[in-house]
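Heads up: the sequence shown at position 840 corresponds to 841 in my numbering, and the numbers run straight through without jumps.
Don't be surprised by glycine CBs; every beta carbon is placed ideally from N, CA and C.
Quick notes on the structure that follows.
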Amino acid sequence: MPGHIKLSKTGQPDPDPTEFLLPSMDMKRADQQKPYDSKKSVWIPNPKDGGYREGLLESGDLEDPASKCVVAVGHEKFTHKAAEVGKVNPPKFEKCEDMVNLTFLNDASVFWNLKTRYQAKMIHTYSGLFVVVVNPYKRYPLYTHRVAKIYLGKRRNECPPHLWAIAETAYRGMLNNTKNQAMLITGESGAGKTENTKKVITYLAMVATSGKKSDKKVSLEDQIVATNPILESYGNAKTSRNDNSSRFGKFIRIHFTTSGKLAGCDIVSYLLEKSRITEQQEVERSYHIFYQLLQPYGDGIGTGLREKCHLSTDIYDYTYVSQGKVTVASIDDNEELEYTEDAFNVLGFGEQEKYDCYMLTAGVMTFGGIEFKTKGRDDQAECEQVGPDTFPGKAAALMGVDAAAMIKAFCKPRIKVGTEWVTKGQSCEQATGAVGGIARAIFDRLFKWLIEKCNDTLIDPTLKKANFCAVLDIAGFEIFEYNGFEQISINFVNEKLQQFFNHHMFVVEQEEYVKEGIDWEMVDFGMDLAACIIMFEKPMGIWAILEEESLFPKATDKSFEEKLKASLGKLPVFLKPQSKTDKNAHFALSHYAGIVSYNVTGWLEKNKDPVNDSVVEIFKSTSKCELLVHLWRDHPGQPTTTPKEEGKKKKKGGGGKTVSSVYLVSLGELMHTLHQCEPHFVRCLVPNTHKKPGEVEPPLIMHQLTCNGVLEGIRICMRGFPNRMLYPDYKMRYAILGAAEINSSSDNKTAVYALMDKIEFPRERYRLGHTLVFFRAGALALLEEMRDDIVIKLVRYLQGEVLKRIRGAVYQRKYDQRELIKVCQRQFRKYISMRDWGWFVIIQKTRPMIGMPNPEEELRLLEEAANAKYGAYDEQLKTKERLLGENVTAREEIKALIKQIEAEQGNMSQYHEKQAKISAQRADLEVQLANAQQLLIQKEAERQDATAEKKVLEQECVAVKKDIEDVEIAIQKLEQEKTNRDHTIRTLNDEVANQDEVINKLNKEKKHLSENASKAGEDLQVAEDKVNHLNQIKNKLESTLDELEGSLDKEKRGRANVEKERRKVEGELKVAQETVADLERSKKELENSIQRKEKDASGLFNKLEDEQSLVAKVQKSIKEQQARIEEMEEELEAERQARAKAERQRSDLARELENLGERLGEASGATHAQVELNKKRDAEVVKLRRDLEEATIQQEATLVGLKKKHQDAIAEMTEQIDQLNKMKAKIEKDKQHIMHEIADVRSATDEVNRSSASAEKSYRNLCGQLNDLGKKVEEANLTLGDFEATKRKIAAENADLLRTVQDLENSAGMMAKVKSSLVAQLEEQRRLADDEAKERQSLLGKFRNAEHEVDGMREHLDEESSNKDNLMRQLNKAQGESDMWRQRYEKDGLGKAEELEMVKLKMQARLSEAESTISQLGSKLGQLEKAKGKLQGELDDMAVQLDQAQILNSSMEKKAKQFDRIVSEWKQKVDSLGMDLDGSQKETRNASSELFRIKSAYEEAVLQLEEVRRENKTLSNEIKDIMDQISEGGRSIHEIDKIRKRLEAEKMELEAALSEAEGALEQEENKVLRAQLELTQVRQEIERRMAEKDEEFDSTRKNMNKGLENMQAAIESEAKGKSEAVRMKKKLETDVMDLETALEHANAANADTQKIIKKYQLSLRDVQVKLEDAVRAKDLAHDNLIAADRKAHANQNALEEARTLLEQSDRARRMVEQELADTNETLGEQTCTNQAIQGAKMKLDSEMHTLQADLDEMASEAGLSEEKAQKAMIDAARLAEELRFEQEAAQTLERERKLLEAQAKDMQSRLDDAEQNALKGGKKAMSKMDSRIRELESELDAETRRNNDAQKALRKSERKIKELTYQQDEDKKNHERMQALIDQLQGKIKSYKKQIEEAEEIAALNLAKFRQTQTVLASSQESADTAEVSLAKLKTRARSSSLAPM
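Structure below.
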């Protein structure tokens, strides 16, 4: 799982895993200090995060499930039922390793224990028989060799919880009990099941490694581990939760021998998810193998995997596997393909099997591209194109069948009717479904075959298998939003596994109880799940009904559903659907993990899983793929040769079994196997869905604990005795409760019973076994409470004793002080009583004199000491005076020396200068010395290497010479023997008979010699044949040279075409750059709009703070309203008394109301705008209140109690009010008219007061704005005056300029000529730069040629030396034939022929490289065109998306405005209701007094409104005037901005021209890639912004909807509470609405004026922002110009350095050529052949050079190719000429600069035309220079690499040449001549060094001159910039003066 760390094999120590296994002491200490109350600490649910929180129980009984408990969490209190509250475990159980040991086994305690351990980095926890593993999403050192050693050979309870503890238990159990073991690993997707399976296998492989590794190439452990890549590639896929999720279950059995060694492995798979092969969700992906096949690593497998599998490079060509994600960030498919390939090889798959597997997988992908079309009216499906390049053709080729036959079988399959075969037409949907069924079936069968093959390779037949350890990795219980056939299959498996666990768990538990001798009734908890399992498995259960329906051809999902409900509907576990996410679910089942609703759609089709029998028959009978035929071997197909009866039988078989039948059989086998094994259980958990380490999501974890059966296991534990302790542990911990009782008996049971009876602990809560004490769940907590009470009491005693010790010391000190005070008092009293006694006085005075010394003696001693001290002091004074004198003389000497130094200071400066020069020279010499030392060290190392090699060669030569001498001695001996024998023959003719044996021997020797002679003749003939053959090869090479020349012409033509295409691409690149600029501008506009919205948001936040204060006021008003309700009775009586008065005043009020209506009509125009403003503000208030309501939800909780009390009081009051209303009904009829009038007048006056207050505020604001505008107007007038003055000046200057223009027309002609000459010189400079680049390329080509020549000559020399040795041996053997061999050897062309063959091969290799580079360039051009098209399409899409986003933005703004309008209306209604309610409460009491006040206030408001109208009119007129002036100023600013932009464009054009002149010197920059990157960045930025905008719109829409819903809810609640008041106020509302409409009309004008003012202010701000942006842009442009100049200088320097490097390499090349010529002279006898080879090589090199030059010049102009070929052989002389040309060009540039400075002022009149022309030419030049720069940069990189390679080769060649010289020194004949040649070489080297130094000095001088010209050019550019700035200022003044009168 992601939390593991790989096993280290590098020798480094593994990290310490302790902190990940055990809690630290700090953690334990912190846990123990946690506050805990054993009786009150409880857990309650936390609705915020779905988890639990700890609180204190204040009231309620936890034992009674129906009681309500009040729990305090902090300052909050919550009420829950007792069933929802759980007790908290004591701190002792914090981070408990086994959760069964918890004393309170509730869900909250289980979750808290898991959470705390997980957050403390401990991911393993026991839960009874389970080990729970939480995915850490981080690598912890938990799976290293060090951890393996910890758990090796240990029991489970001896080590901390770990997965390997379970694995070790299983392994030891297998060895000790010889019983098979099984580990059941379950969990959700992403929980780490597969990773934990790998870890278990790894551990077993580590601890049980077999000892036969040396006998086999690949070990069994490696094969077991190697199955993972294959199974993961074919069985793993990306899901929404996990990037590498296993989509199948597997049961892996690892077999062991009797000694515990590995003996093999086999794998069984379950429930492969076949639907994923053809369908995926958007966030998911199909199986990894499909995506691995398209990776580039496959090109290196055989002839290429993609080519062999007929696959393209685009995954989207294959619809089956491209419906969701196609890439996974955490998985490298290319690397995974490499692992898969290695795994195939490790497991021993054959090459053909492997390729067949790949091809069938690719065929499954390709099936998705087959498309059918309807033909005719009968919906017959047909596929038109079945060629080899189509998807049907490719699929058929991969299957090894005919495409037409396969498609025909899909479109018109054969079916058997009776005894005849009939074709059946298929629709497009049926044919497409059949293709998908075939694809799924092939992949499924292929997957099963792979598992079989893995099993075959994983079994070691040489080892005997005794037992096995199995690992079951299967998906856990699943409850999804949509649960179908796959989910019910997995859930049934988990139901069976949970039953198996329950049964096994209490078998183990009850065995423990029996072993301990506890009374216990045997219970089989596996029967708890029997009802659900029986419903599945019974004869008419779910599986039986599914099988039955699958056999009926007319059965449908509906009929299947009805049959299920009819058969199983009455069972208690078969329920109605309860899913909230799937409304179409058909039924629900009650599982152990919860109720799951299932949807039966498509179950029958999935269960049948039909395949087209006709297609299968084609596969079986005609396929060339052996693996495909093998996969379908068990399918009957449609055999045509079988008898009828047999055919019928196979037809009934129908291709076999249903999915469910196969599934049930395999499940039965699995359960049978598990029942025979010793099981171990592992549960994997996903802590969160975000894959963040340390974070937990409580609902997710609790859901998994339920589904995994952990809570079910805990439930079973709670029914037994989950807590248990050994007797020694019990005694040690709880002896404190009764030490005497514990010690009373040696029998453990007796002692424990005595203790428990003493503390009155009930016996039903515990049991005593033989070795353990068993406790019920929660019993230990009671014991802990009792123990804690005693411990606390003892701690208090201890504290008291310690305090006694500390305070006792303080008490003793205080006591001693008191006793001493008594002694002091007693002594003082005695002194007081005796102080006047005479004797006492005498004693007191004489007491000090007793024992006193003699004062005279003391004085004498003191005088002596004083004299001694004074003598020393006097000496110091004398020395001080002497030193002062010396100081004075020293100062005088110093002054004299200073004067002397000042006099000689002039000479010192000379010395300083000399010293500085000498130090500089010394530094240079030191550097040179260091370099020389380094060279010396290198040379010395080379010399040592050469001497070593020389020694080796000398030894070889000595050995060869010894062999030669031995042969010569042998020959001499033979000759001596021959002469002796001849002598004996002549002298002893008579003894011939006696010497027959000697004669026979001699005859044999003679035959031997004759055979040697014949062999030599044959060798000679062979050599002559070789010479003839080499001559033929030479002729062939010459013909190939002619062909190469023809191909060179073709390449030139092709290069011209490429150049044309390149120009097209450059034009398109310009267009792309312009679009990028447009996108950047739009991006800036979007950023500005975002900034404005952020400002608006800050304003809204400020308003929110204001509204919070209003909320407090509203709360106070609520309290006042509640108090007013109580006063209603008193007000009713006052109303009765006021009724009479109200009737009298009614008539007066009617008249006043008419007057008020008239005045309101007049005031409506002015107040309407104010009402609109109020509405907007109310809308904003509504928004803020909506936010405040969300913020005050928590505060409302505290008000609930108060509201309940008030509601009770209100209920009583409402009853009284109802009674009073009944009494008041008679009075209401008379009172209604007066009430309406009073309400109208009151509301009108309130609104008038509000409008007047707001009008005053707006008046103040407008006054302030008016003052500001006045100031701005004054400033504008001042600026206008300045502009007028400048206009007059400019007009005068213009007149002068017009006069001067006429004078300067003559000089303009001169400027035109100068311009033309500048253009010519620029072109010449460009041409020179191009020539330099070409020559540099040619020089590099020559350098490469020289390098190759050195290699060739070295090879020649080696070959010649070997030939010489052979000849020497042959000469020694046959001296008589030496002359003939010499002549033939001189004519021999062996070396030449071999060299020609080598050259031919090199030429062919280079030709292939050239062709490949040409094809690569063509492909790059195609890619560029595709990229350009994609970019253009993306730009269009982005433009469309931008338009859509703008439309959405506008629509959302409109909707927001509508929402604001609706909210404001509701707010007005709510406010009016509130106001009416207040008025109805107070109007009867305050009617008479308020009428007079209303009249006066109304008159004042009318006067104020009239004044406001007049002021608004005057303000509007002034604002119009100001805006006119501002618009004129804006126009002038806009024109200034245009002029500035044009000037910047002109400036950029001048810069472009200058950069064109210096372009050849700049470093290359790949601008195309940068543009693409910028495009992608801009696109991503825009997409991100769009996404953010969409999120903002969604959030605003959601907030608005929430606000509306909250408002509606609030209105409904208020409407319910105020329904009675609304009935009373209906007539009042109608009149209020009339008045509101009048007020709205009155306020319209005011609102319009406010809007206009705001618009003007916004336009002013925008103009200011634009002006600031323009200034910033100008500054940025200037900074960019400076940066570009610096970059140009840097590039110039870099190019000069590159030139110097080139010159150095050229000199080195010439030296190498000279040395080559010298070595050619030293070769002596081989000169003839070498010269011929050299001539041929030179021809080939020249032709290769032309080819290389042409390839390098693909980016340059095609017309210059011939010139490049001619200039390729020019050496340093051409460089000197070019330097002279550059000097002349620099001089001409300087002269032209002076002319430009003199004539810069004369160019003002025609500057516009010249700038426009320069702009056009400059853009073209910029594009050309950009392309040229890129080419030069790429060439420069290539040249640098080649230069480095050349230097390395040069060093190698130098070493080889020295070796040759050493070898030739050994030759005695050529020693003298070689010595002379070496002297000549040294002389030439010295001459070359001198030439190099001279050339470097010349280059340095030229470089200095060039830099001077460059600085002059920079200064001229700066002067031109200043001239442009002054010209821009003049133009702006001229235009402003021309615009001023307007």
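- DSSP places D1209 within a helical segment (H, G or I) once states are collapsed to three.
- Counting along the chain, the unbroken beta strand (DSSP E) around R725 starts and ends at N724 to L727.
- For the options T375, A382 and A404, the alpha carbon positioned closest to that of D390 is the one of A404.
- In chain order, D1179 place their CB closer than 8 Å to the CB of D1472, counting only its own chain and leaving out the 5 sequence neighbours on each side.
- Three or more Cβ pairs closer than 8 Å define a contact, and the segment 1841-1852 meets that threshold against the segment 1330-1350.
- Inter-residue distance for R634 and D614 is about 13 Å (C-alpha atoms, whole angstroms).
- Cβ-Cβ distances below 6 Å link D357 to C626 and L628 in the same chain, with the five nearest sequence neighbours on each side left out; the list follows chain order.
- For M835, the uninterrupted alpha helix (DSSP H) segment begins and ends at A780 to M835.
- Annotation: Q935 to K1084 spans about 58 Å, alpha carbon to alpha carbon.
- Residue environment analysis places Q813 among the exposed positions, since fewer than 16 neighbouring C-beta atoms fall within 10 angstroms of its C-beta.
- Residue pairing for D267: DSSP places it in a beta bridge opposite R254.
- The closest CA to that of D1838, considering only A1924, S1596, R1337 and V1579, is found on R1337.
- Comparing alpha-carbon positions, the option among V683, E1698, E1294 and K1374 lying closest to T1841 turns out to be E1698.
- Pairing K577 with F486 gives a Cβ-Cβ distance that is not under 8 Å.
- Taking 8 Å as the upper bound for CB-CB distance, C685 and G193 are in contact here, some 5 Å apart.
- When C-beta atoms of the segment 1086-1105 are compared with those of the segment 1459-1467, fewer than three pairs fall below 8 Å, so the two segments do not count as touching.
- A check of alpha carbon separations from Y767 across Y514, E864 and L1717 identifies Y514 as the nearest.
- With distances taken between CA atoms, I1448 lies nearest to M1587 out of K1431, K1374, M1587 and I822.
- For the options H984, V365 and L1432, the alpha carbon positioned closest to that of Q1581 is the one of L1432.
- Bounds of any beta strand (DSSP E) do not take in K139, whose DSSP letter is neither H nor E.
- Excluding its 5 nearest sequence neighbours in each direction, M366 has C-beta neighbours in its own chain below 8 Å: F291, L294, L312, Y319, Y321 and V322, listed in chain order.
- Here I546 is not near L572, since their CB atoms are 8 Å or more apart.
- By the neighbour-count criterion, in which 16 or more other beta carbons inside 10 Å mark a residue as buried, L1696 falls on the buried side.
- Apart from sequence neighbours up to five positions away, the residues of its chain that approach E274 with a beta-carbon distance below 6 Å are R248, ordered along the chain.
- Distance from the CA atom of V928 to the CA atom of A1678, rounded to whole angstroms, is 44 Å.
- A straight line joining the alpha-carbon of D967 with that of H984 spans about 25 Å.
- Taking 8 Å as the cut-off, the Cβ atoms of V72 and L153 do not count as close.
- By the neighbour-count criterion, in which a residue is buried when 16 or more other Cβ atoms sit within 10 angstroms of its Cβ, T751 is exposed.
- Under DSSP, the beta-bridge partners assigned to A73 are L57 and K78.
- Residue pairing of N1262 in beta bridges, as defined by DSSP: absent, with no partner found.
- Following the DSSP letters along the chain, one finds K417 inside the beta strand (DSSP E) bounded by residues R415 to V418.
- Residue environment analysis places W44 among the buried positions, since at least 16 neighbouring C-beta atoms fall within 10 angstroms of its C-beta.
- Going by beta carbons, L1329 and D1707 fall outside the 8 Å limit.
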